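*Asks:*
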Amino acid sequence: MRKKIVAGNWKMNLDLDEGLKLAGAIDKYFAEKPAEKGQVIICTPFIHLAGAAGILKHGKIALGAQNCASEASGAYTGEISPWMIKSTGAQYVIIGHSERRSYYNEDDKILNKKTLLAINTGLKVIFCIGEVLNERESGNHFIVVRRQLEEGLFPLTEEQMDSIVIAYEPVWAIGTGLTASPEQAQEMHKYIRELLKGKYGNECAKKMPILYGGSCKPSNAAEIFSQPDVDGGLIGGAALKKEDFTAIVETL
Ligand code: PGA
Numbered sequence: 022m023r024k025k026i027v028a029g030n031w032k033m034n035l036d037l038d039e040g041l042k043l044a045g046a047i048d049k050y051f052a053e054k055p056a057e058k059g060q061v062i063i064c065t066p067f068i069h070l071a072g073a074a075g076i077l078k079h080g081k082i083a084l085g086a087q088n089c090a091s092e093a094s095g096a097y098t099g100e101i102s103p104w105m106i107k108s109t110g111a112q113y114v115i116i117g118h119s120e121r122r123s124y125y126n127e128d129d130k131i132l133n134k135k136t137l138l139a140i141n142t143g144l145k146v147i148f149c150i151g152e153v154l155n156e157r158e159s160g161n162h163f164i165v166v167r168r169q170l171e172e173g174l175f176p177l178t179e180e181q182m183d184s185i186v187i188a189y190e191p192v193w194a195i196g197t198g199l200t201a202s203p204e205q206a207q208e209m210h211k212y213i214r215e216l217l218k219g220k221y222g223n224e225c226a227k228k229m230p231i232l233y234g235g236s237c238k239p240s241n242a243a244e245i246f247s248q249p250d251v252d253g254g255l256i257g258g259a260a261l262k263k264e265d266f267t268a269i270v271e272t273l
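Counting in this note's numbering, the sequence shown runs from 22 upward without gaps.
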């Protein structure tokens with residue numbers, strides 16, 4: 022059985038006080054739950070990580086960053102390396118989010134470098150892929166996703182793939198209120214799993230968690246997550262409210 026995961030991506034929201042309060046509220050909510058439905062992860066801004074690590078004391082919520090440097094240390098003003106992220110107590114890092122790809126020009130090559138560095142540091146990577154609207158409309162979405170996987174992830178060994186969670190996020194659905202239909206999500210997730218099988222074999226393909234992201238909310242999560250190749254979600258806007266985020270986890 023594959024692991025079900027719901028990861029919150031807070032993006033550049035919440036000041037330190039607000040962020041730690043939200044982390045504490047989420048921790049408390051799950052601490053009182055008898056059984057876990059899946060792995061819950063919160064990916065906070067860098068400045069929240071160390072504080073949140075101290076607050077998530079019930080061991081049910083994992084912590085992640087949203088980006089990392091492509092170098093381990095040195096004269097890179099303003100950057101935060103995977104090693105520093107790990108030292109806060111975080112276990113995950115999101116790499117390749119569409120906002121990093123488009124606003125900060127991160128290409129497949131740099132994303133692969135970051136991924137390898139993060140894995141070698143002992144972090145797990147939530148690796149994001151997904152097409153923009155005109156790529157879908159022109160029927161090129163499979164080609165785009167295939168390229169992102171082949172160049173960003175497939176240089177990894179099968180063993181390194183154990184540290185990867187894939188998030189398929191159609192860019193046209195991120196923060197827009199539009200979601201892929203459950204059928205569109207399933208079709209792409211199945212395709213991703215087939216590519217994994219072709220490259221790494223059945224075992225790797227079967228155990229890889231593939232999350233859906235893009236305007237997930239409590240009202241649509243259950244239907245999307247019930248698709249056979251959808252293993253949970255990467256949640257943006259709805260991760261900023263405890264009620265919405267926990268309600269999404271409850272749909273797993
Ligand atoms: P959204 O963001 O849920 O606000 O659409 C998802 C994401 O960007 O990871």
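We put the CB at the ideal spot given by N, CA and C, even for glycine.
What you are looking at is a predicted structure, and each value in this text was computed from that prediction instead of being measured.
Just the C-alpha distance for residue 157 and residue 163, rounded to the nearest angstrom, thanks.
*Replies:* Numbered from 1 along the sequence shown, position 136 holds the residue referred to as residue 157. Numbered from 1 along the sequence shown, position 142 holds the residue referred to as residue 163. Cα to Cα, residue 157 sits roughly 8 Å from residue 163.
*Asks:* Hey, which unbroken runs of the beta strand (DSSP E) at 3 residues or more fall wholly within the stretch 205-265?
*Replies:* As far as the stretch 205-265 is concerned, its whole beta strand (DSSP E) runs of at least 3 residues are 231-234 and 253-256.
*Asks:* From what residue to what residue does the alpha helix (DSSP H) around residue 192 run?
*Replies:* Position 171 of the sequence shown, counted from the start, is the residue given in the question as residue 192. Where residue 192 is concerned, there is no enclosing alpha helix (DSSP H), given that its DSSP letter is neither H nor E.
*Asks:* Considering only C-alpha positions, which residue in the set 50, 271 and 189 is nearest to residue 238?
*Replies:* As a position in the sequence shown, residue 238 is number 217, starting the count at 1. Looking at the Cα atoms, 271 is the closest of the given residues.
*Asks:* Per DSSP, which residues does residue 16 bridge with? Please list them.
*Replies:* Any question about residue 16 goes unanswered here, given that the chain covers just 22 to 273.
*Asks:* Pairs of beta-carbons, one from the stretch 43-53 and one from the stretch 242-253, closer than 8 Å: are there three or more?
*Replies:* Touching, no, given that fewer than three Cβ pairs across the two stretches are closer than 8 Å.
*Asks:* Please find out if some non-hydrogen atom of the ligand PGA comes closer than 8 Å to the beta-carbon of residue 190.
*Replies:* As a first step, residue 190 must be located in the sequence shown, where it is residue number 169. The answer is yes for residue 190.
*Asks:* For residue 94, is the classification buried or exposed, using 16 other Cβ atoms within 10 angstroms of its Cβ as the cut-off for buried?
*Replies:* To locate residue 94, count along the sequence shown from 1; it is residue 73. Exposed, by the Cβ-count rule.
*Asks:* What residues match up with residue 84 in a beta bridge as DSSP calls it?
*Replies:* Stepping through the sequence shown from its first residue, residue 84 is reached at position 63. BP columns for residue 84 point to 63.
*Asks:* Could you give the distance in angstroms between the alpha-carbon of residue 265 and the alpha-carbon of residue 186?
*Replies:* Indexing the sequence shown from 1 puts residue 265 at position 244. Indexing the sequence shown from 1 puts residue 186 at position 165. The alpha-carbon atoms of residue 265 and residue 186 are separated by roughly 23 Å.
*Asks:* Can you have a look at residue 48 and say buried or exposed, based on whether 16 or more other CB atoms are within 10 angstroms of its CB?
*Replies:* To locate residue 48, count along the sequence shown from 1; it is residue 27. Its Cβ being crowded by 16 or more others within 10 Å, residue 48 is buried.
*Asks:* Going by the C-beta, is residue 237 closer than 8 Å to any heavy atom of the ligand PGA?
*Replies:* For this step, residue 237 is matched to residue 216 along the sequence shown. Checking every heavy atom of the ligand PGA against the Cβ of residue 237, one is found closer than 8 Å.
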